[in-house]
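According to UniProt numbering, the stretch in the sequence shown is residues 1 to 239, in order.
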Amino acid sequence: MTDAKTAADYDKPFQVSSFPREISDTELAFLQRLHPDTPIQDLRQRLLDWYTKTMAKPWFKFRCVRDLFFLHTTVDRNLLYREALSRRSSGQWWVDIGCGFGQDTRLPVLDGWPASRMLATDIVPHLWYGGLDLYPNPANIQFQLVNILELETSAAEVLNPFRQCVAVISLNLVLHTLCKEDVTDMLSSCASLLAPCGIILGLCVGSPEPRPWTEWAPERWFILLLASSTHLPWRASSG
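Take a look at the structure:
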């Protein structure tokens with residue numbers, strides 16, 4: 001969060017509406033790029049149908065979902081995005097960690113990164129599969145359930161084959177959920193996967209002073225998603 005007021009706002013109760021707001025054509029630009037042959041009004045109706053169906057899902061409680069964050073990409077806002085794309089002929093991998101719905105996974109592929117060298121990861125599957133209801137997915141984009149903070153234990157089997165073989169790691173949708181110590185640990189784990197001269201693209205915000213952020217802490221995600229509470233991977237505070 002950029003300031004204490006904004007962070008506190010995310011802890012407020014919410015009211016579910018039949019649709020969040022009027023959706024402009026501009027907001028549908030990424031979705032239309034993925035569905036170039038579909039008229040804009042049909043895409044808007046598709047989104048409305050998806051939203052109505054999704055209201056019953058446990059993860060709909062996340063404010064970012066209700067605010068339709070998945071209509072927008074963030075990875076291309078990074079100043080090194082074009083430099084990252086220039087590595088597409090290296091034969092190495094792009095790994096999107098904490099991929100959520102996968103908008104930042106799909107954009108580099110749309111912009112020329114080989115789908116066969118794109119790996120999306122998350123600690124729960126629900127958002128990724130929710131994204132499949134909206135976005136087409138090239139069959140050769142891989143998705144893996146993995147917690148990179150457990151790189152030396154449970155994540156080793158999945159990620160060890162990628163060590164020193166990754167040209168780009170993107171972390172645009174996950175760092176803001178972590179406390180300072182876990183951000184440091186995650187970046188260290190990511191660095192161990194990178195090939196020489198690899199790039200990490202990330203976005204991280206926080207409150208001016210360290211504070212509990214219990215309503216939106218990762219531990220709460222597991223409760224909402226009915227996942228096991230015995231392997232909670234992250235401590236819950238922002239800072």
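We treat Cβ as the ideally placed atom computed from N, Cα and C, and that holds for glycine.
- prompt: Tell me the DSSP bridge mates of Leu193?
  reply: In DSSP, Leu193 forms no bridge with anything.
- prompt: Among Gln41, Arg117 and Leu68, which one has its Cα closest to the Cα of Trp94?
  reply: Arg117
- prompt: For the beta strand (DSSP E) that residue 245 lies in, which residues bound it at each end?
  reply: Summary: the structure shown does not reach residue 245, with the chain confined to residues 1 through 239, and so no result is reported for it.
- request: Could you pull out every residue in the same chain whose Cβ sits closer than 7 Å to the Cβ of Val183, ignoring the five residues on either side in sequence?
  value: Leu175 and Cys204
message: If contacts are defined as beta-carbon pairs under 8 Å, then Thr73 and Gln103 qualify, I think. What distance do you get, rounded to the angstrom?
response: 5 Å
message: Quick check on Cys179: buried or exposed, where buried means 16 or more other Cβ atoms within 10 Å of its Cβ?
response: Buried: at least 16 other Cβ atoms inside 10 Å.
- prompt: Run through DSSP, which three-state label would Gln144 get?
  reply: strand
Where Thr105 falls: helix, strand or coil (DSSP): helix
query: Which of helix, strand or coil does DSSP assign to Gly198?
result: strand
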